[in-house]
Amino acid sequence: MALKVELKPGEKLLIGNCIITNSDQRTRLFIDGNAPILREKDILTSDTANTPAKRIYLAVQLMYIDDDTAKAQESYNEMSRDFVAAVPSSLPIVDQINNEILTGSLYKALKASQKLIEYEQDLLNHASNRRPGV
Numbered sequence: 001m002a003l004k005v006e007l008k009p010g011e012k013l014l015i016g017n018c019i020i021t022n023s024d025q026r027t028r029l030f031i032d033g034n035a036p037i038l039r040e041k042d043i044l045t046s047d048t049a050n051t052p053a054k055r056i057y058l059a060v061q062l063m064y065i066d067d068d069t070a071k072a073q074e075s076y077n078e079m080s081r082d083f084v085a086a087v088p089s090s091l092p093i094v095d096q097i098n099n100e101i102l103t104g105s106l107y108k109a110l111k112a113s114q115k116l117i118e119y120e121q122d123l124l125n126h127a128s129n130r131r132p133g134v
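With full-length UniProt numbering applied, the sequence shown covers 1 to 134.
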């Protein structure tokens, strides 16, 4: 079954190692195959990965889009260990990411990594609400 993707005017889509940019009209694409696919809103760069959880997401993203995952996997392993050491309550989310990586479900690992980013943001919001005058 083909994946249906609707793109807004000017929206970008990563398919494999190619970036597709939509024209000035809404477009519907049907994609068959096994190439990694990410919408522009789901793509992080080294500049936008500005928190520990976002850097973990970036490492998983690199594993997802690149055939040579060894370097990204090593980086992910180190960062996820450090993250859990700093935030032990994140262990269930990191375990979910690990399980998806181990089973080769890298897109699902990306989705779990988004949960880690949300969890990190919740912690930061909670911490900033408790410190008046910061």
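Ideal Cβ positions, reconstructed from N, Cα and C, are used throughout, including at glycine.
| Check | Outcome |
| --- | --- |
| Close Cβ partners of residue 15 (< 8 Å) along its chain, the five nearest in sequence each way excluded | 31, 35, 36, 37 |
| Coil, strand or helix - residue 81 by DSSP | helix |
| Pairwise C-alpha distance: residue 84 and residue 102 | 18 Å |
| Burial state of residue 134, where buried means 16 or more other Cβ atoms lie within 10 Å | Note that residue 134 scores a pLDDT of 46, beneath 50, so its modelled location is shaky and nothing firm can be said. |
| C-alpha distance - residue 81 paired with residue 93, whole-angstrom precision | 12 Å |
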